[in-house]
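What follows is a short report on a single structure.
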Amino acid sequence: MTALAAEFFTLDEVNRLKIIPDVIDRRLTTQMAAQRLGISDRQCRRLLARYREDGPLGMTSRRRGKSSNNQLPQGLAAYALNIIRERYNDFGPTLACEKLAEVHGVHISKETVRKLMTQASLWVPRKQRAPKIQQPRYRRACAGELIQIDGCDHHWFENRGPKCTALVYVDDATSRLMQLRFVKSESTFTYFEATRGYIEMHGKPLALYSDKASVFRINNKNATGGEGETQFGRAMHELNIQTICAETSAAKGRVERAHLTLQDRLVKELRLQGISTMESANAFAEEFMNDYNRRFSKAPRQEFDVHRELDVDDDLDMVFTWREARRVSKSLTVQYDKVLYLIEDNEFSRRAIGKYIDVWHYPDGHKELRLNGVSLPYSTYDKLSEIDQGAIVDNKRLGRALEMAQLVQAERDNNRSQSVPSGDGPSRRRKALMNPLMILVKIIKLRWIHILSYDQMVSRKINNQTTRCANSIFYTTLFTNSAPNYT
1 MTALAAEFFT
11 LDEVNRLKII
21 PDVIDRRLTT
31 QMAAQRLGIS
41 DRQCRRLLAR
51 YREDGPLGMT
61 SRRRGKSSNN
71 QLPQGLAAYA
81 LNIIRERYND
91 FGPTLACEKL
101 AEVHGVHISK
111 ETVRKLMTQA
121 SLWVPRKQRA
131 PKIQQPRYRR
141 ACAGELIQID
151 GCDHHWFENR
161 GPKCTALVYV
171 DDATSRLMQL
181 RFVKSESTFT
191 YFEATRGYIE
201 MHGKPLALYS
211 DKASVFRINN
221 KNATGGEGET
231 QFGRAMHELN
241 IQTICAETSA
251 AKGRVERAHL
261 TLQDRLVKEL
271 RLQGISTMES
281 ANAFAEEFMN
291 DYNRRFSKAP
301 RQEFDVHREL
311 DVDDDLDMVF
321 TWREARRVSK
331 SLTVQYDKVL
341 YLIEDNEFSR
351 RAIGKYIDVW
361 HYPDGHKELR
371 LNGVSLPYST
381 YDKLSEIDQG
391 AIVDNKRLGR
401 ALEMAQLVQA
411 ERDNNRSQSV
421 PSGDGPSRRR
431 KALMNPLMIL
441 VKIIKLRWIH
451 ILSYDQMVSR
461 KINNQTTRCA
471 NSIFYTTLFT
481 NSAPNYT
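Residue numbering for the sequence shown follows the UniProt record's numbering, beginning at 1 and increasing consecutively.
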């Protein structure tokens, strides 16, 4: 194809220029030409007539150079674009299209809006946007300066045991594996347990570097409690340990890369050791960490270790607790976790009426009610434990929550109160039919109905009278041990 032909003709039109002259020269029939061009015989005859009339230019489309039939009315595109510039310049095309229709009565398609915004440089398609550059940063200089923490949900025991989560603590300066603990799921209490084990083994680090999970950061903008920090954040604040949340997974790449290594090596080591439980895996973790650090750890730029010892007033039992404020009612009661707590009536407890007290929930399960640092004696009234209220479950703990729900439902089905009717349980009639004696009665009744002679069946019209007759025959035989005589 010459440059001149490429300027005026498309590939389909050039193909027509090769075939239509063959029809004129009688080397091809119109049917054969239509088949080669993929058009109808009538359209082929039209092209033949246009070629005879206009020559090669007759093969071009007659719509070329003309405006589209479905183009926007003149000035509407400019009007819509002016509105977008003034009011919706930071909107996406879809949202801008919706607002144009709802607020201004301008009804155009979202693809047209996208085209207008792209031409006006108000919108850049995602494929054309400049990629985000994650520049590498230097390691921290000293061990204990920054500890990257994260949980990895994986089939650590393959098919030998249930799926669980490994909480991994990696030192940023050395890539050393500082703590490895297997738990059922990522939660505040499991991080309490793992962090306490870390502190007891190494001391207090300067900072912990985590993701934006709800354990480390309040993600609900409408949250009313916590004073802007989570339970884990409050515990770290009391220990004077800074918590930092990473913006991206690449920012805490050392612990992310450690996950890949552990998913390869640790899974196979657990298989070789025959370990299939979290308890056994936690016992083996220290031996594995020593071997891991010997192979993969790096020397820090400075030999100084910035881990700090616990202060005299650092009581880990009190620090690693879940704390919530509850108002004391006039009847000296407090509701927490669907349980009603009855505070012992005394002079000191009465000072708490109408005030907020702290409910401390310890990792081992026991709870304390504290007023100004003093523990209040109480008893429980567990009437609310039968109520199932909807709970917001973080995505990382959803698997464990569903597992617990199945266990609770199974236990509830086995221990259902007989005074409460079951919505989908068997009715009285179904219970009677499931009784073995009633099943035997049914079988014998049906058998004797078939034993009746044809004349007797006809005389009784094979209706309810037959059933009543069979009942009388059966029960007479059952209680007199005598068979009926049909002769």
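Glycine is no exception: its CB is placed at the ideal position from the N, C-alpha and C atoms.
- Taken atom to atom, the span from the alpha-carbon of residue 19 to that of residue 33 is near 6 Å.
- Between residue 186 and residue 165, the C-beta spacing is below 7 Å.
- In the displayed model, residue 329 falls within coil according to three-state DSSP, outside both helix and strand.
- Nearest in C-alpha terms to residue 343, of all of 213, 74, 374, is 374.
- Rounded to whole angstroms, the gap between the alpha carbons of residue 280 and residue 314 is 30 Å.
- Beta-bridge analysis with DSSP links residue 141 to no other residue.
- Remark: C-beta atoms of residue 177 and residue 292 approach each other more closely than 7 Å.
- Relative to the Cα of residue 57, the nearest Cα in the group 238, 8, 73, 84 belongs to 8.
- With a threshold of 16 other beta carbon atoms within 10 Å, residue 119 falls short and is exposed.
- The alpha-carbon separation between residue 151 and residue 352 amounts to approximately 40 Å.
- Exclusion of the five residues before and after residue 361 leaves 321, 322, 367 as the residues of its chain whose Cβ lies within less than 7 Å of its Cβ.
- Under the DSSP assignment, residue 380 falls in the beta strand (DSSP E) whose first and last residues are 378-381.
- In the DSSP annotation of this structure, residue 278 is not part of any beta strand (DSSP E); the continuous alpha helix (DSSP H) holding it starts and ends at 278-296.
- Looking at the backbone, the Cα of residue 297 and that of residue 144 are separated by about 14 Å.
- The residue from 346, 336, 348, 354 with its alpha-carbon nearest to that of residue 330 is 354.
- Each residue's CA atom was taken as its position, placing residue 12 and residue 69 some 23 Å apart.
- Counting the other CB atoms within 10 Å of its CB gives residue 104 a total below 16, which places it among the exposed residues.
- Per DSSP, the continuous alpha helix (DSSP H) segment holding residue 259 begins and ends at 253-261.
- For residue 159, the closest of 76, 350, 60, 267 by C-alpha to C-alpha distance is 267.
- Comparing C-alpha distances from residue 53 to each of 21, 76, 108 shows the shortest one belongs to 21.
- For the set 17, 114, 132, the Cα lying nearest the Cα of residue 124 is the one of 114.
- Here the alpha carbon of residue 179 sits roughly 46 Å from the alpha carbon of residue 345.
- Here the alpha carbon of residue 302 sits roughly 13 Å from the alpha carbon of residue 172.
- Excluding residues up to 5 positions away in sequence, 134 lie with their Cβ nearer than 7 Å to the Cβ of residue 250 in the same chain.
- Linking residue 202 to residue 358 through their CA atoms gives a straight-line distance of about 31 Å.
- Between residue 255 and residue 232, the C-beta gap is not smaller than 7 Å, which leaves the two residues out of contact.
- In the three-state reduction of the DSSP assignment, residue 349 falls in the helix class, which pools H, G and I.
- With respect to residue 336, residue 378 sits apart: the two C-beta atoms are not nearer than 7 Å.
- Judged by DSSP secondary structure, residue 147 falls within the beta strand (DSSP E) whose first and last residues are 147-154.
- Under the DSSP definition of a beta bridge, residue 182 partners with 166.
- With distances taken between CA atoms, residue 126 lies nearest to 93 out of 138, 93, 108, 146.
- Going by DSSP, residue 342 is part of the beta strand (DSSP E) stretching over 339-343.
- In the DSSP assignment, residue 111 is bridged to no other residue.
- Measuring C-alpha to C-alpha distances from residue 197 to each of 206, 218, 24, 168 identifies 168 as the nearest.
- For residue 359, there is no enclosing alpha helix (DSSP H); the residue is part of the beta strand (DSSP E) that begins and ends at 356-361.
- Restricting attention to 217, 181, 243, the CA atom closest to the CA of residue 205 is found in 243.
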